[in-house]
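So the sequence shown is numbered by UniProt numbering: it starts at 1 and just counts up by one. Here a beta-carbon is modelled for each residue, glycine too, at the ideal position from N, C-alpha and C. The structure displayed is predicted, hence computed values, not measured ones. What follows is a single structure, written as structure tokens, with notes after it.
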Amino acid sequence: MNPSPYQGYSSDVAANLAKVNDVINLNGVSPVKLIAVTKHASINQLEEAHRLGVRDFGESKIQDALKKRAELSPELIENIRWHFIGHLQTNKAKQAVGNFALIHSIDSLRLAKEVSRIAESKNSVQAILLQVKMQEDENKGGFSPAELNDCMPELLSLKGLQIQGLMTISPLSDDATIWCKSFIGLKQLRDELALKFKIELQELSMGMSDDWRDAIKYGSTMIRLGRAIFGN
């Protein structure tokens, strides 16, 4: 048996990563990538997570990601993939394109067109996920499933985008059946779109600090964890 990569570390970050890794190994339907959300993490915690093998980090604000990047050593920066997971305003798209390996939150056709336009102007292609609102919630953004079906041909025509999959944020609830319904629905929608448009949508970004265990069971390929890794 290979030794755990977390042996020799006694911190909360190491203990939390070990727990997450155990659940992924036991319950993951697909390969699952951890996105460590650094919104409330210190630079020391970020560096420790990197030493423990984490390579994908997420931020919900562009300036926070750029600030953290400026504080890290060049060696670390080269080995980190930054993910943008927050609401992206159209007028901030220029700052996001090229600074993030993956933008998880393309929530409208208008935003998709702007990101594509900016990427093309830089002679690049931006990897993205399409954010879907699986249940009615006025506090959540995203395409409805029906809207995404209608917009998909135009989205696929945008040359500055590489659409890698779908993302959802489950409704705030203490009832696990509610968020599980979102996860089941997103996977079903992904499969339907892939078949209908003959495309590969590999990624399902679903699951945060309160619901990630269920997200893994229902096919998540990316979980976005902040508090579950770094604490409050």
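| said: So, for residue 219: in the same chain, excluding its five sequence neighbours on each side, which residues have a beta-carbon less than 8 Å away from its beta-carbon? | reply: On the sequence shown, residue 219 is found 219 positions in, with the first residue counted as 1. Cβ within range, chain order: 29, 30, 183, 187 and 204.
| Taking one C-beta from the segment 55-71 and one from the segment 80-89 each time, how about it: are there three or more such pairs within less than 8 Å? | yes
| query | In angstroms, rounded to a whole number, what distance separates the CA positions of residue 102 and residue 158? | reply | As a first step, residue 102 must be located in the sequence shown, where it is residue number 102. As a first step, residue 158 must be located in the sequence shown, where it is residue number 158. Looking at the two C-alpha atoms, the distance is approximately 16 Å.
| query | Just the Cα atoms here: how many angstroms apart are residue 91 and residue 119? | reply | Walking along the sequence shown from the start, residue 91 turns up at place 91. Walking along the sequence shown from the start, residue 119 turns up at place 119. Rounded to the nearest angstrom, the two C-alpha atoms are 14 Å apart.
| message | Which residue wins for smallest C-alpha separation from residue 208, given the options 225, 77, 201 and 168? | response | Your numbering for residue 208 matches position 208 in the sequence shown. Residue 208 has its Cα closest to that of 225, out of 225, 77, 201 and 168.
| CB contact flag (residue 116, residue 88, <8 Å) | Here residue 116 refers to the residue found at position 116 when the sequence shown is read from its first residue. Here residue 88 refers to the residue found at position 88 when the sequence shown is read from its first residue. No; because the gap between Cβ atoms is not below 8 Å, this pair is not in contact.
| message | Quick check: what's the CA-CA separation for residue 65 versus residue 199? | response | As a position in the sequence shown, residue 65 is number 65, starting the count at 1. As a position in the sequence shown, residue 199 is number 199, starting the count at 1. So the alpha carbons of these two residues sit roughly 31 Å apart.
| field | Rounded C-alpha distance that separates residue 212 from residue 11 | value | Position 212 of the sequence shown holds residue 212. Position 11 of the sequence shown holds residue 11. Spanning the two alpha carbons is a distance of roughly 22 Å.
| Length of the line joining the Cα atoms of residue 133 and residue 35 | Your numbering for residue 133 matches position 133 in the sequence shown. Your numbering for residue 35 matches position 35 in the sequence shown. Cα-Cα distance, rounded: 20 Å.
| said: Let me make sure I understand the geometry here. Which of 50, 147, 33 and 228 has the alpha-carbon closest to that of residue 202? | reply: Within the sequence shown, numbered from 1, the residue matching residue 202 stands at position 202. Here the closest residue by C-alpha is 33.
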